[in-house]
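Worksheet: the structure to be examined is printed underneath.
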Amino acid sequence: MADRPGHFDLMILLAVLRLDDNAYGVPISTEIENTTGRSIALATVYAALERLESRGWVSSRVGESTAERGGRAKRYFRVTAKGVREARDAKRALVKMWGGIRQLQEGTT
Amino acid sequence: MRSTLPPSLGMKLLAAFGPQRTTEALCGDLIEQYQNGRSLSWFWRQVLVALVVGAAHEARSKRLHTIRALLIGYVVAAGLCYVTTSLVAYFVQSALGNKTYWLFLPFVFFSAAASGWVVRRSHSRPMVLVYAAFCIAAGLVAFAAYAWLPAFDTMPLPVLLFFVAVDFVVGPVGVVLGGFWDSSVPGKSSTQSLVR
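One line per chain: the protein sequences are W and E, in this order.
For the first sequence, our numbering begins at 121 and goes up steadily by one.
For the second sequence, our numbering begins at 605 and goes up steadily by one.
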């Protein structure tokens, strides 16, 4: 069976897509924190990104190193066409699962 | 007023044991966030999570390398420990009697550090932490096994403390320092490791 993105993987893919050209560790984790309201460790973001990269869903490039980062370069991420397809498939499947569930449509818990 | 740079020990730990591919970017992100007002406790939490996540990922994704690292580390540590402590016992036991075992501690530390150094030289960076975690787990198993022995109930407290020190302090700390020491060699990149 082919790999499918998990919940956190999907959040990362969507955050990278939203951030477009500015998708590196800090804004990706901030985007997810702002959306979910939960604090996440940068290392878990990088671990997930590495996993997504190994599946060919994102690609990365090393950016410029700046003084305010102690001379450390940023690593920028971009969702590949395969990653976009996976995100779209996941959305389609989730929306299909959502449909017809009365409790969710009425907004009750 | 606090420094604008995060603690260098945290950065050194990440550089020594963090995942090779993402550590530079992660360190830069931590510096950036710290300068934007994140707290010291936030920084240390990030370092701890990065080390644990890196080691867990390494152990899961490279199982054969992990088994080999644990075997190599164990053989080096056990071999050195056996040779050095036997020599100490041979030369000084008659003079010091039953208290000789406290003299073993520096030799146990040396053996553990040497095994950490060998694991670091022959494997990827986070593997040292996997090996240190294995040492602690092995210590716990050994203690559980001792507890079943009838002799455990009559074991004198100093001897018990000695085993606690060896299994949970001297051994794991020696392993980590051995791996850490190797990472500080100037100009040595982890691509020079024998195994990827």
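All C-beta atoms in this analysis are idealised placements derived from N, C-alpha and C, irrespective of residue type, glycine included.
Item to complete: Please compile the residues from chain E whose C-beta is within a distance smaller than 7 Å of the C-beta of valine 199 (chain W).
Response: Per Cβ cutoff of 7 Å: no residues; valine 199 (chain W) is ~18 Å from chain E at best.
Worksheet item: Going by the CB atoms, is the gap between valine 146 (chain W) and glutamate 662 (chain E) shorter than 7 Å?
Response: no
Item to complete: Rounded to whole angstroms, what's the CA-CA distance from serine 698 (chain E) to tryptophan 706 (chain E)? Just pull it up for me.
Response: 14 Å
Fill in: Chain-ordered residues of the segment 618-632 of chain E with a beta carbon less than 7 Å from chain W
Arg625, Thr626, Glu628, Ala629, Leu630, Cys631, Gly632
Discussion item. When you measure from the CB of valine 199 (chain W) to every non-hydrogen atom of the ligand ADP, does any distance come out below 6 Å?
Written reply: As presented, the structure is devoid of all ligands, the ligand ADP included, so that no description of it is given.
Practice prompt. Taking 7 Å as the cut-off, decide whether the C-beta atoms of glutamine 650 (chain E) and leucine 634 (chain E) are in contact.
Written response: yes
Worksheet item: Apart from the five residues just before and just after threonine 164 (chain W), which ones in its own chain have a Cβ nearer than 6 Å to its Cβ?
Response: none
Worksheet item: For serine 626 (chain E), does the count of other Cβ atoms within 10 angstroms reach 16, so buried, or fall short, so exposed?
Response: According to the sequence shown, residue 626 (chain E) is threonine rather than serine. Per the 10 Å Cβ criterion, buried.
Item to complete: Could you have a look at arginine 195 (chain W) and say whether DSSP puts it in helix, strand or coil?
Response: strand
Worksheet item: Grouping DSSP H, G and I as helix and E and B as strand, with all else coil, what is glycine 219 (chain W)?
Response: coil
Worksheet entry | Residue from E:Ile740, E:Gly783, E:Val657 whose Cα sits closest to the Cα of valine 768 (chain E) | E:Ile740
Worksheet item: Based on the DSSP secondary-structure assignment, which residues constitute the bridge partners of arginine 181 (chain W)?
Response: W:Tyr196
Discussion item. Going by DSSP in three states, proline 730 (chain E) sits in which element: helix, strand or coil?
Written reply: coil
Worksheet item: Buried or exposed: which applies to tyrosine 686 (chain E), given that a residue is buried once 16 or more other Cβ atoms fall within 10 Å of its Cβ?
Response: exposed
Item to complete: Output, in chain order, the set of chain W residues within a Cβ distance shorter than 7 Å of glutamine 637 (chain E).
Response: Val146
Practice prompt. Could you list the residues in the segment 152-166 of chain W with a C-beta less than 7 Å from some C-beta on chain E, going in chain order?
Written response: Ala161, Leu162, Ala163, Thr164, Tyr166
Worksheet item: Is the shortest distance between the beta-carbon of histidine 727 (chain E) and the beta-carbons of chain W less than 7 Å?
Response: no
Practice prompt. Give the DSSP-derived three-state secondary structure of serine 794 (chain E) in the structure shown.
Written response: With a pLDDT of only 41 at serine 794 (chain E), under the threshold of 50, the placement of this residue in the model should not be trusted; the figure read from the coordinates follows. Here serine 794 (chain E) sits in helix by DSSP.
Worksheet item: With C-beta atoms as the reference, is glycine 632 (chain E) less than 7 Å away from alanine 654 (chain E)?
Response: no
Worksheet item: When the Cα atoms are used, what is the spatial distance from lysine 194 (chain W) to glycine 176 (chain W)?
Response: 20 Å
Worksheet item: Under three-state DSSP, which class holds alanine 143 (chain W)?
Response: coil
Discussion item. For the segment 673-680 of chain E against the segment 168-186 of chain W, do three or more pairs of beta-carbon atoms, one drawn from each stretch, fall closer than 8 Å, so that the two count as touching?
Written reply: no
Worksheet item: Just checking my contact of phenylalanine 708 (chain E) with valine 692 (chain E) at CB under 8 Å: how many whole Å lie between their CB atoms?
Response: 6 Å
Fill in: isoleucine 160 (chain W) - DSSP class collapsed to helix/strand/coil
coil
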